[in-house]
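What follows is one structure encoded as structure tokens, with my remarks underneath.
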Amino acid sequence: MGHVEQAAHDHELWESVASAARDRVGQRQAAMVSDHGLSGDVQYHWSMDDATISWSRGGRDFLHGRITVIGSLDHVQQTWLWSWANDSFPPAVLGDITDVRRYGEERAFPLLMSRSFRAEQRPVAQARIVAADVLAAEGLWFEPGDELDLHFAIHDLRRV
């Protein structure tokens, strides 16, 4: 696991960037859910093979999109692992995730540069939101698991 050095970056700048990203991503997320009817009795299916996600209602697809896996949260190890640091993901689902790492390197933001970090709620939320903002995602999606949660950025939504 990578060690995040708190003294190595401008914490006020990070908080400002994370707050601005939260506002932008929050607006896009709300619009994605309301504009495309992604609440209520909606089912979804995603595929790592072709980096797609689709939503259906009553057995009929109504929306397709593309996913970028942002990272995973390991409940056993209590760590966040960026997808760019995880060799088990197929290249299709990585999209432009290295742009997030590069953004972190350019600004010395340890959470974006470290392969992994302790999975505490605030840092994970900030990292996800800043990643979605850097990737200009239409929204975020989350696949919960018993031992591992996957976090996706959603792109290129189109009605079916």
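Start counting the sequence shown at 8; every next residue gets the next number (the numbering used here). Heads up, the beta-carbon is just placed ideally off N, CA and C, and yes, glycines get one too.
Going by other Cβ atoms of all chains shown within 10 Å of its Cβ, with 16 needed for buried, is residue i buried or exposed?
{"i": "Ser90", "result": "buried"}
{"i": "Ala37", "result": "exposed"}
{"i": "Arg73", "result": "buried"}
{"i": "His82", "result": "exposed"}
{"i": "Glu129", "result": "Before going further, note that residue 129 is Arg rather than Glu in the sequence given. Result: exposed."}
{"i": "Val127", "result": "Residue identity check: residue 127 is Glu in the sequence provided, not Val. When all chains shown are included, Glu127 counts as exposed."}
{"i": "Ala14", "result": "Because Ala14 carries a pLDDT of 42, less than 50, the predicted location of this residue cannot be relied on, and the following value inherits that uncertainty. With fewer than 16 Cβ atoms within 10 Å of its Cβ, Ala14 is classed as exposed."}
{"i": "Asp140", "result": "buried"}
{"i": "His10", "result": "Summary for His10: the model assigns pLDDT 45, below 50, so the residue's position carries little reliability; its value from the coordinates is reported in the next sentence. That one is exposed."}
{"i": "Glu145", "result": "buried"}
{"i": "Gly176", "result": "Nothing in the structure corresponds to residue 176, since the chain is present only between 8 and 167."}
Restricting to Cα atoms, I'd like to know which of the options is closest to residue i.
{"i": "Asp106", "options": "Val40, His82, Ala143, Leu155", "result": "Ala143"}
{"i": "Ala58", "options": "Ile161, Glu19, Arg165", "result": "Ile161"}
{"i": "Asp48", "options": "Val40, Ser26, Ser54", "result": "Val40"}
{"i": "Phe149", "options": "Val131, Tyr110, Met120, Arg165", "result": "Val131"}
{"i": "Trp21", "options": "Ala115, Leu155, Ser61", "result": "Ala115"}
{"i": "Leu88", "options": "Phe69, Met55, Arg108, Leu70", "result": "Arg108"}
{"i": "Ser123", "options": "Thr86, Ala25, Gly152", "result": "Thr86"}
{"i": "Ala99", "options": "Val76, Glu145, Arg166", "result": "Val76"}
{"i": "Arg165", "options": "Glu154, Ser26, Ser63", "result": "Ser63"}
Which partner residues does residue i have in the DSSP bridge list?
{"i": "His43", "result": "The partner list for His43 (beta bridge, DSSP) is empty, contrary to what the question assumes."}
{"i": "Ala160", "result": "Thr75, Leu147"}
{"i": "Arg166", "result": "Leu70"}
{"i": "Gln50", "result": "Ser63"}
{"i": "Leu155", "result": "Asp81"}
Answer yes or no: do residue i and residue j have a C-beta to C-beta separation smaller than 7 Å?
{"i": "Gly78", "j": "His158", "result": "yes"}
{"i": "Ala134", "j": "Leu118", "result": "yes"}
{"i": "Leu70", "j": "His43", "result": "yes"}
{"i": "Arg29", "j": "Ile136", "result": "yes"}
{"i": "Thr68", "j": "Val167", "result": "Residue identity differs from the one stated: residue 68 is Asp in this sequence, not Thr. It is a contact, given that the beta carbons lie within the stated cut-off."}
{"i": "Glu112", "j": "Met120", "result": "yes"}
**Study point:** 3-residue-minimum beta strand (DSSP E) runs that sit fully inside the region 55-124, ordered along the chain
**Key:** 59-64, 67-81, 86-89
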